[in-house]
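In order, the protein sequence lines correspond to chains H and C.
This note's numbering applies: residue 1359 is where the first sequence begins, and numbers increase by one.
This note's numbering applies: residue 152 is where the second sequence begins, and numbers increase by one.
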Amino acid sequence: MENETTALTTLFTEFYFFMTVVLMFFIHVGFCMYEVGVSRTKNLQHTLLKNTMAIPVVGLAFLLFGMWLYIALQGWPVATSSVSLETGFEPWSKTLAPNLSDHISGVFWAAFALFGMTAASIVSGAIIERAKTTGFLIIAVYVGAVAWVIPAAWGWAGNGWMTQYLGFHDQYCSAVLHAPAGFATLGVLMALGPRIGKFGPTGQPREIPLHNPWMTTLGIFFIYIGFFGFYAACHIPIVNVAAEGQTAFWTTTNIYGVPITLSGVTLNFLFSLFGGLITAYLISGGNSFWTYSGGLAGIISASAGNDFYHPILALVVASAGTAMAYTLHNFVERRFKIDDAVGAVAVHGYCGVFGGVVAGFLLWGYPAVMPSPGALITLSEGVGWFGTNAEGLPIVTPMGNIIVTLVFALGFGLIPGYILGQILKGFGLLRVPAPVEVKGLDGEIVPLTYPAISGTEAEFDALAKSEAKV
Amino acid sequence: MSTGLSSLSKLSEVSSAYPFAGMEYIYSVILLAFIILFFMWQTIMEQRHMKKIMGQTSERVENPSSAPAFSPAE
């Protein structure tokens, strides 16, 4: 590298994103534990492997086309009508493999791929105990490598056309990732149907007992840890945002190139977690499942604006979003017989939309983007359809955030999720046959899940003893 | 040789450091084929698994997914 500053910033950025990837992997540890904890013993191994296989499948799809979509579509079709095939993130790109002239592309790709795997895992939990793995993995490719990626290109990038023209702001992906993934889940659930026995003869929902509530608890804690990494990965960790010829201004920025502090973001993350936990604990009457889910609901509700909120504002937004999600989940479950086994639609879908809409009001007037050569962000012509500031930068508005959030949730989530679900159902790839569901998706290996309980271990010990003539 | 990189004397001129550099399109085809093969294998494997379980059970239960899932409760 040509000088010490370049070397320091490049190597720091490389290591920074590497660490976010490691942290984000805890989300998958958490999702696996959570889903296994929620499912019944007869379905454990199927549940575990279904979720686990989303990791490599979405990762491969992300290398094949996911990351390219994010980079290539940022201006298309409003700021530009062309789509490049030379972004550096095509699967045949030379920058994604060991390359001494590029330290960033690989870790940047990995952080985005982990986002995608997380998005796919959101669907996984809701459909446990009756969905086929093949159908889920096809849904996972859509949700993980398309459904949130195009919204991210348009509204979660400094050069995204929705950022620049509509002033859209969603720093930690409430509306960009959680809303499409959550509403795609709802669409799939509509096609999939509830688990056998979930609803009684008069339509009243029944509690299906958790196989291991302690595992769900640990799982959610791991997801919290992973979300620290998720938040960190949404930043440009060190960059000079000064315009050409001006005195250097080194800072961390949000995804839109606007200076922020990691310090403030850390407090906001924690306070939105606090708000969600406390509200869910109270409103659910101390239900442990909802209390832990509430922490996540709080974070997602405040995520869109958690780069600029005051910590107490983050707490209030998180509390409101969590209460809304809890109430709406119970209403939808009773009214429409939607069997969401883990509350994913509520926590990710409803809270994602809530967060995107609320941020439009609370951040009304903030510059939506800050162009700078350091952050590689340039302003297109005619930006700021809903308003600009004195410098001509687009500003955040309620209108911009409401429109974009709904487009993401419905246009990339609910509608395609429902259509995809119906197509898979038509091909017999969505739901297991009823006798399989009753018997258990693990089939003949059910006794091997807990050998000490099922008697398999005792049988083997008896065999061993007889052979040893003890 | 598998790689065009056999000297580290001019690091500023080194870029691609992996074997078979220049064959990235072939790598991409391998990736695509790997994914397609996985899905084919997975579909067959799951069908066999389901049939095996079906063979072990004689329980007859109506599958709720055959009825409209998105219908208001009574």
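C-beta atoms are modelled at their ideal positions from N, C-alpha and C, and glycine is treated no differently.
Residues that K1408 of chain H contacts on chain C, provided the C-beta gap is smaller than 8 Å | Near K1408 of chain H there are no residues of chain C at all, since even the closest Cβ is about 10 Å away, more than 8 Å.
At 8 Å on the CB atoms, spell out the chain C contacts of W1450 of chain H, in chain order.
-> E175, Y176, Y178, S179
Return the CA-CA distance between E1739 of chain H and K202 of chain C, expressed in angstroms with no decimal places.
-> 60 Å
What's the C-alpha gap between G1615 of chain H and I1594 of chain H?
-> 7 Å
Give a yes or no on whether the minimum CB-CB distance between P1509 of chain H and chain C is below 9 Å.
-> no
Where T194 of chain C meets chain H, residues with beta-carbon distance less than 8 Å | T1492, L1787
Unbroken alpha helix (DSSP H) runs of length 4 or more, entirely within the region 1367-1444 of chain H: which are they?
-> 1402-1419, 1425-1430
Could you check what DSSP says for S1630 of chain H in three-state terms: helix, strand or coil?
-> helix
Amino acids of chain C, ordered along the chain, whose beta-carbon sits closer than 9 Å to that of E1830 of chain H | Because chain H spans 1359 through 1828 in this model, residue 1830 of chain H falls outside it and cannot be assessed.
Helix, strand or coil: which one does DSSP assign to F1818 of chain H?
-> helix
Take the Cβ of N1361 of chain H as the centre, count every other Cβ of all protein chains shown within 10 Å, and call the residue buried at 16 or more, exposed below.
-> Classification of N1361 of chain H: exposed, given that the 10 Å Cβ count is below 16.
Euclidean distance between Cα positions of L1787 of chain H and N1401 of chain H = 18 Å
Grouping DSSP H, G and I as helix and E and B as strand, with all else coil, what is P1538 of chain H?
-> helix
The region 1726-1738 of chain H / the region 1542-1550 of chain H touching (three or more Cβ pairs under 8 Å) | no
Under 9 Å between the Cβ atoms of T1649 of chain H and A1638 of chain H?
-> yes
Going straight from the alpha carbon of I187 of chain C to that of A1533 of chain H, what length do you get?
-> Whole-angstrom Cα-Cα distance: 31 Å.
Tell me which same chain residues have a C-beta within less than 7 Å of the C-beta of P1563 of chain H, skipping the five on either side of it?
-> K1556, F1557, E1691, R1692
Taking 9 Å as the cut-off, decide whether the C-beta atoms of A1590 of chain H and Y1374 of chain H are in contact.
-> Taking 9 Å as the cut-off, the beta carbon of A1590 of chain H is found closer than this to the beta carbon of Y1374 of chain H.
Looking at the C-beta of L188 of chain C, does it have a partner C-beta in chain H at a distance below 9 Å?
-> no
What three-state label does DSSP hand R1789 of chain H in the structure shown?
-> strand
Taking C-beta pairs closer than 8 Å, name the residues in chain H that A184 of chain C reaches, listed in chain order.
-> Those within 8 Å of A184 of chain C in chain H number zero; the least Cβ separation is about 11 Å.
Cβ neighbours of L1422 of chain H in the same chain (closer than 7 Å, five flanking residues each side left out) = P1449
Reference G1464 of chain H, options H:T1371, H:T1453, H:L1472, closest by Cα = Nearest neighbour of G1464 of chain H by Cα position, chosen from H:T1371, H:T1453, H:L1472, turns out to be H:T1453.
Would you kindly report the start and end of the unbroken alpha helix (DSSP H) that includes I1583 of chain H?
-> Its alpha helix (DSSP H) spans residues 1571-1590.
So does the region 1517-1524 of chain H actually touch the region 1563-1575 of chain H, counting three or more Cβ pairs closer than 8 Å?
-> no
Hey, could you find the ends of the beta strand (DSSP E) T1755 of chain H is sitting in?
-> Element bounds for T1755 of chain H: n/a, residue is neither H nor E.
Take V1394 of chain H and list the residues in its own chain whose beta-carbon comes closer than 7 Å to its own, dropping the five residues that flank it on each side.
-> L1402, T1405, L1406, M1573
Enumerate in chain order the residues of its own chain whose CB-to-CB distance from F1470 of chain H is below 6 Å, with the five nearest sequence positions on each side excluded.
-> M1425
When you compare only the Cα positions, how much space is there between S222 of chain C and Q1780 of chain H?
-> Confidence at S222 of chain C is low in this model, with a pLDDT of 47, below 50, so its placement is unreliable and the value that follows should be read with caution. Straight-line measurement puts the Cα of Q1780 of chain H at about 15 Å from the Cα of S222 of chain C.
Within chain H, the residues that S153 of chain C reaches when beta carbons sit closer than 8 Å | Result: empty, since nearest Cβ-Cβ is about 14 Å, beyond 8 Å.
Considering I1596 of chain H, what are the terminal residues of the beta strand (DSSP E) in which it resides?
-> I1596 of chain H -> beta strand (DSSP E) spans 1594-1598.
Among residues of its own chain, excluding the 5 on either side of A1767 of chain H, which ones have a beta-carbon nearer than 6 Å to its beta-carbon?
-> Around A1767 of chain H, the same chain offers A1537, F1541, V1711 as residues with beta carbons nearer than 6 Å, after the five sequence neighbours per side are excluded.
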